[in-house]
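Notes to accompany the following structure.
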Amino acid sequence: MSHNVPLDNGNHTSDCETNLLHTQKDHSHNDSHGHEHNRGHHHGHGHHHHAPATRGRLAIALGVTFTIFIAEVVGALVANSLALLADAGHMLVDSCGLVIAVIAAYLMKKPRSDERTWGMMRAEVVAAMLQSGMLLLICIVVFYKAIERFFFPEHIHSHAMLWFGVIGLVGNLISLVVLLGGRNENLNMRAAFLEVANDALGSVAVITAAGLAWVSGWDGWDSVASLIIALMMGPRAWMLLRDSVRILMERTPDGLDLGQVREHILSVDHVIDVHDLHVTTIATGVISLTAHVTVEDECFHDGHSVLILHQIQDCVSKHFPVSIEHSTIQIDTETHRDHERLHH
Numbered sequence: 001m002s003h004n005v006p007l008d009n010g011n012h013t014s015d016c017e018t019n020l021l022h023t024q025k026d027h028s029h030n031d032s033h034g035h036e037h038n039r040g041h042h043h044g045h046g047h048h049h050h051a052p053a054t055r056g057r058l059a060i061a062l063g064v065t066f067t068i069f070i071a072e073v074v075g076a077l078v079a080n081s082l083a084l085l086a087d088a089g090h091m092l093v094d095s096c097g098l099v100i101a102v103i104a105a106y107l108m109k110k111p112r113s114d115e116r117t118w119g120m121m122r123a124e125v126v127a128a129m130l131q132s133g134m135l136l137l138i139c140i141v142v143f144y145k146a147i148e149r150f151f152f153p154e155h156i157h158s159h160a161m162l163w164f165g166v167i168g169l170v171g172n173l174i175s176l177v178v179l180l181g182g183r184n185e186n187l188n189m190r191a192a193f194l195e196v197a198n199d200a201l202g203s204v205a206v207i208t209a210a211g212l213a214w215v216s217g218w219d220g221w222d223s224v225a226s227l228i229i230a231l232m233m234g235p236r237a238w239m240l241l242r243d244s245v246r247i248l249m250e251r252t253p254d255g256l257d258l259g260q261v262r263e264h265i266l267s268v269d270h271v272i273d274v275h276d277l278h279v280t281t282i283a284t285g286v287i288s289l290t291a292h293v294t295v296e297d298e299c300f301h302d303g304h305s306v307l308i309l310h311q312i313q314d315c316v317s318k319h320f321p322v323s324i325e326h327s328t329i330q331i332d333t334e335t336h337r338d339h340e341r342l343h344h
């Protein structure tokens, strides 16, 4: 698997090799400034997306959403509406999600320590898993109660249900306006915007069911709306739970083909072997790669192993759809590789 093609031969080099001369130049120019060729490896990497304005928008949306939750709980008790209670449960989970987003914005800024080498980055993943589990539980309970009410109908007060539904919709529209300007700033803001948009659809379902129950006199519309809300929440909760578990189980990030990563590293001149290759998601937008790369022995004598390291790190950070800015590469000789004690 050795590639003994001269590094300056442009006819045989891979895409990852084309920047080698630039890498050498950057290394010689930037070595006195802390090796700036390793872009993104400093401690402040990529976590500036939680700006104060973003936290302010999230805080306002949280205040409005939690107020709607209180109002809809009261409305559900007054109107005896399962649909309002289901939407209130949706609001509660979304409030938790917004709390998580605000807290994560601060926790992501916490410095790393010897006890927490990645800081508090994984807090958002753990919280998302708990949030999705709670949301799935609410969906199951609402779905069960809605089916039960079809067989054992309960009278609802459609007038009260309608007015509380309108209150919820107005509050959701206010939150949408607040989040509108920042919805493209980062994934957290986009997710928060979609959460509130989904809440608005839930309020529309409540209003529609109240109006139909008022006109037709059939209280079953409340159960229909409850089923619709549960079916809207369920798939989103499942996807959130699935993604959270995948990250915690250190699954290769979606959109990244580990086989292609291995092939690109092997295509670098003088690389013999790649093993113990792992790519994991630490937190949103923070991807980490570790690998053992075996190179020809002469690379250690002429200093070429350092340039190979720069080349591989530049490749994994730029070439693939998922940018890997945090990479730890161990450069090995063939003799050392045969003495490694890897248990996987």
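In the working numbering, the protein residues as written are 1 to 344. No residue lacks a Cβ here, since even glycine has one placed at the ideal position from N, Cα and C.
Contact set for residue i: own chain, Cβ-Cβ below 6 Å, skip 5 residues either direction
i	result
Thr-328	Thr-290
Gly-89	Ile-138
Ser-226	Leu-82, Ala-83, Ala-86, Val-142, Ala-146
His-326	Ser-288
Asp-332	His-292, Thr-294
Cβ shell of residue i (< 7 Å), same chain only, five flanking positions each side left out
i	result
Ile-324	Val-279, Ile-287, Leu-289, Val-316, Ser-317
Cys-299	His-270, Ser-305, Ile-308
Met-91	Thr-65, Ile-68, Phe-69, Glu-72, Asp-199
Trp-221	Ala-209, Leu-212, Ala-213
Val-166	Ile-207
Phe-164	Ala-71, Glu-72, Gly-75, Ala-79, Leu-84
Leu-162	Ile-207, Ala-210, Gly-211, Trp-214
Ser-32	Because the pLDDT at Ser-32 is just 38, under 50, the model does not fix this residue reliably, and the value given afterwards should be weighed accordingly. Cβ within range, chain order: n/a, list empty.
Gly-181	none
Residues near residue i in its chain [Cβ-Cβ closer than 8 Å; skip 5 each side]
i	result
Met-134	Val-93, Cys-96
Val-102	Arg-55, Leu-58, Ala-59, Leu-62
Val-274	Arg-262, Ile-265, Leu-266, Ala-291, His-292, Val-293, Thr-294
Phe-150	Gly-220, Ser-223
Nearest-angstrom Cα separation, counted from residue j out to residue i
i	j	result
Val-126	Ser-244	7 Å
Ile-312	Glu-296	15 Å
Arg-251	Leu-240	15 Å
Lys-145	Leu-82	8 Å
Leu-176	Leu-266	49 Å
Met-232	Asp-254	24 Å
Gln-330	Val-261	16 Å
Ala-123	Gly-217	48 Å
Val-99	His-292	40 Å
Lys-110	Arg-116	10 Å
Glu-334	Gly-234	52 Å
Leu-201	Leu-256	34 Å
His-157	Ile-140	24 Å
Val-224	Asp-276	53 Å
Ile-272	Gly-259	16 Å
His-336	Met-249	30 Å
Ala-237	Leu-136	6 Å
Asp-314	Arg-242	31 Å
His-319	Glu-148	54 Å
Gly-303	Asp-114	32 Å
His-301	Gly-285	37 Å
Tyr-106	His-155	46 Å
Beta-carbon proximity check, residue i vs residue j, cutoff 7 Å
i	j	result
Ala-213	Ile-229	no
Val-78	Ala-160	yes
Asp-219	Pro-153	yes
Thr-294	Ile-247	no
Met-129	Ala-283	no
Ser-132	Gly-168	no
### Message
Between the segment 196-207 and the segment 164-179, can you find at least three pairs of beta-carbon atoms closer than 8 Å?
### Response
Cβ pair count under 8 Å is three or more, so yes.
### Task
Just list the beta strand (DSSP E) runs in the segment 214-294, keeping only unbroken ones of 3 residues or longer that don't cross its boundaries, in chain order.
With a minimum length of 3 residues, the continuous beta strand (DSSP E) runs that stay inside the segment 214-294 are 271-283.
### Query
Counting only runs that start and end within the segment 51-107, where is the alpha helix (DSSP H) found for 4 or more residues in a row?
Runs found: 52-79, 82-107.
### Query
Curious, which full-length alpha helix (DSSP H) runs of at least 4 residues does the segment 293-319 contain?
For secondary structure counted as the alpha helix (DSSP H) over 4 or more consecutive residues, the segment 293-319 holds these complete runs in sequence order: 298-301, 304-318.
### Message
Threshold first: 3 residues or longer. Then list the beta strand (DSSP E) segments lying entirely within the segment 120-181, N to C.
### Response
List check, beta strand (DSSP E) in window: nothing returned.
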